[in-house]
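Colleague: Quick note on our numbering: the sequence shown kicks off at 1 and runs consecutively. Beta carbons are placed, not taken as given, at the ideal position from N, Cα and C, and that holds for glycine.
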Amino acid sequence: MRRFLAAAGIVAVDSVLLTFAHPAPVTPLLLPVWALVVAAVIRLRYRSPVAAFACALGPAVVVGGACALLPWSAYQAGRAVRGTTSGSFMTTAAVAALGAEIALRPQQAAQLVIASVVFVLLPVLAGRYVAQQERQAAALAAQERLRIARDMHDALGHRLSLVSVQAAVLEVAGLPDEQRAAVRRLAESVRGAVGDLHELVGGLRAPRPGLTAIADLVAGARAAGVDARLEIRGPRRELPEEAGPVAYRLVQEGLTNGVKHAPGVPLLIRAEWEDDALVLSVTNPVPPDRAPVVPGRGLLGLAERAEPAGALVGHAAGGGEFRLWAVFPLAVAARRPALLGIAVAGLMFGFVPLSLMVGVA
1 MRRFLAAAGI
11 VAVDSVLLTF
21 AHPAPVTPLL
31 LPVWALVVAA
41 VIRLRYRSPV
51 AAFACALGPA
61 VVVGGACALL
71 PWSAYQAGRA
81 VRGTTSGSFM
91 TTAAVAALGA
101 EIALRPQQAA
111 QLVIASVVFV
121 LLPVLAGRYV
131 AQQERQAAAL
141 AAQERLRIAR
151 DMHDALGHRL
161 SLVSVQAAVL
171 EVAGLPDEQR
181 AAVRRLAESV
191 RGAVGDLHEL
201 VGGLRAPRPG
211 LTAIADLVAG
221 ARAAGVDARL
231 EIRGPRRELP
241 EEAGPVAYRL
251 VQEGLTNGVK
261 HAPGVPLLIR
271 AEWEDDALVL
281 SVTNPVPPDR
291 APVVPGRGLL
301 GLAERAEPAG
311 ALVGHAAGGG
321 EFRLWAVFPL
331 AVAARRPALL
341 GIAVAGLMFG
351 FVPLSLMVGV
361 A
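1. In terms of alpha-carbon separation, which member of 272, 255, 270 and 118 lies closest to residue 264?
2. In the structure shown, what three-state DSSP assignment does residue 173 receive?
3. Applying the 10 Å Cβ sphere with the 16-neighbour rule, what's the burial state of residue 339?
4. Check each candidate in 80, 329, 269 and 68 and name the one with the smallest Cα separation from residue 284.
5. Have a look at residue 61 and residue 233 and give me their C-alpha separation to the nearest angstrom.
6. Residue 74 and residue 120 - do their beta-carbons sit closer together than 8 Å?
7. Which residue comes first and which comes last in the alpha helix (DSSP H) that contains residue 212?
8. Going by DSSP in three states, residue 264 sits in which element: helix, strand or coil?
9. How many angstroms separate the CA atom of residue 136 from the CA atom of residue 308?
10. Go through its chain and collect everything with a Cβ distance to residue 217's Cβ below 8 Å, but skip five positions before and after it.
11. Quick check: what's the CA-CA separation for residue 54 versus residue 145?
12. What would DSSP say about residue 134, mapped onto helix, strand or coil?
13. For the beta strand (DSSP E) containing residue 35, list its first residue and its last residue.
14. Give me, in chain order, the residues of the same chain whose beta-carbon lies closer than 6 Å to that of residue 213; leave out the 5 immediate sequence neighbours on both sides.
15. Cα separation between residue 274 and residue 211?
16. Quick check on the DSSP output: the alpha helix (DSSP H) that includes residue 285 runs from which residue to which?
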């Protein structure tokens, strides 16, 4: 919904600017064509921001840069640009567009150069800066995970190893059979705890599995004898980075609950791609005489993990089946400092563009 509102706002603003800010009279029949062109560029942005930026330069040349589409697409391309190839392509396209504008309006060359700086260069730099901040935040989060892993390994691993050694000594000591059996169970539990600790620490150090790993998870369950089936409907789209591990964890929890509470019944994992969200669910038949499932720590933990990703998680039993589901929006508002967001918005769409618009158009 937020995506459609942004697109409608840009189309409306550019249509108003074309009508009132352009010096030459505008034919009314040109407005629908202009709106379709702007909407097509906005649509292209969600597939290739760099290509959308290059396409937005064409309408900007026609109207002299007085449009909201150009700084918006430049900002989005700045956030998405990776490597020197795409950067060189953007630079070449921007220089070519500026050259075409100067050739069409040589008497406004100075104003066109200033407009290119305001409408193209500054939004691109702002997008690059925001993307860099997001990558730094992700790197800091990864470093924090590694620190937690090292602390857990050093503290708990040392103590569990001592307990394991002491239990091993008692196993070979001359104890009665009943006490020796109890010590053996204690040693096995400690060794299992050490293995769980190593697995947990390894999970903190390694990248968390995401949406692409769900197929392997279901295949592993089928190899273990679980009647699990995965259905994917609709073309796949891009999810926020935080949503992938939550989606994987939901399917994992659904498979675990199905095997635990309804062994032997078929499990259906369905991923439905909507226009603005991914609906993920795990369902299994429930006998009518089975007691209702009480939410445990796993389901509560899923709800806590889903909140940062902007997802909604729930479960329901009805119609002879139990269903664990989640809705993941395709776009989550990025967490940026408020002052930075206000400054970028004011810079791109506020005082400076409005002050130059009349002179450039």
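Modeller: Looking at the atomic coordinates:
1. What you label residue 264 is simply residue 264 of the sequence shown in a count that begins at 1. Comparing Cα positions, the closest option is 255.
2. Within the sequence shown, numbered from 1, the residue matching residue 173 stands at position 173. Reduced to three states, the DSSP call for residue 173 is coil.
3. Numbered from 1 along the sequence shown, position 339 holds the residue referred to as residue 339. For residue 339, the predicted model reports a pLDDT of 48, less than 50, meaning its position is unreliable and no value from the coordinates is stated.
4. Along the sequence shown, read from residue 1 onward, the residue named residue 284 stands at position 284. Per the Cα distances, 269.
5. Position 61 of the sequence shown, counted from the start, is the residue given in the question as residue 61. Position 233 of the sequence shown, counted from the start, is the residue given in the question as residue 233. Cα to Cα, residue 61 sits roughly 41 Å from residue 233.
6. As a first step, residue 120 must be located in the sequence shown, where it is residue number 120. As a first step, residue 74 must be located in the sequence shown, where it is residue number 74. The answer is yes: Cβ separation under 8 Å.
7. Counted from its first residue, the sequence shown places residue 212 at position 212. Careful: residue 212 lies outside any alpha helix (DSSP H) and carries neither H nor E.
8. Position 264 of the sequence shown, counted from the start, is the residue given in the question as residue 264. Coil, per DSSP.
9. Taking the sequence shown and counting its residues from 1, one reaches residue 136 at position 136. Taking the sequence shown and counting its residues from 1, one reaches residue 308 at position 308. Cα-Cα distance, rounded: 18 Å.
10. Taking the first residue of the sequence shown as 1, we reach residue 217 at position 217. Closer than 8 Å at Cβ, skipping near neighbours: 209, 248, 251, 252 and 255.
11. As a first step, residue 54 must be located in the sequence shown, where it is residue number 54. As a first step, residue 145 must be located in the sequence shown, where it is residue number 145. Their backbone Cα atoms lie some 39 Å apart in a straight line.
12. Counted from its first residue, the sequence shown places residue 134 at position 134. Helix.
13. The residue given as residue 35 occupies position 35 in the sequence shown. That residue, residue 35, is in no beta strand (DSSP E); its alpha helix (DSSP H) goes 30-45.
14. Counting from one through the sequence shown, the residue named residue 213 turns up at place 213. Closer than 6 Å at the Cβ level, and outside the excluded window around residue 213, lie 248.
15. Here residue 274 refers to the residue found at position 274 when the sequence shown is read from its first residue. Here residue 211 refers to the residue found at position 211 when the sequence shown is read from its first residue. Residue 274 and residue 211: Cα-Cα distance of roughly 16 Å.
16. Against the sequence shown, residue 285 aligns to sequence position 285. Taken as a continuous stretch (DSSP letters only), residue 285 belongs to no alpha helix (DSSP H), being part of the beta strand (DSSP E) at 277-285.
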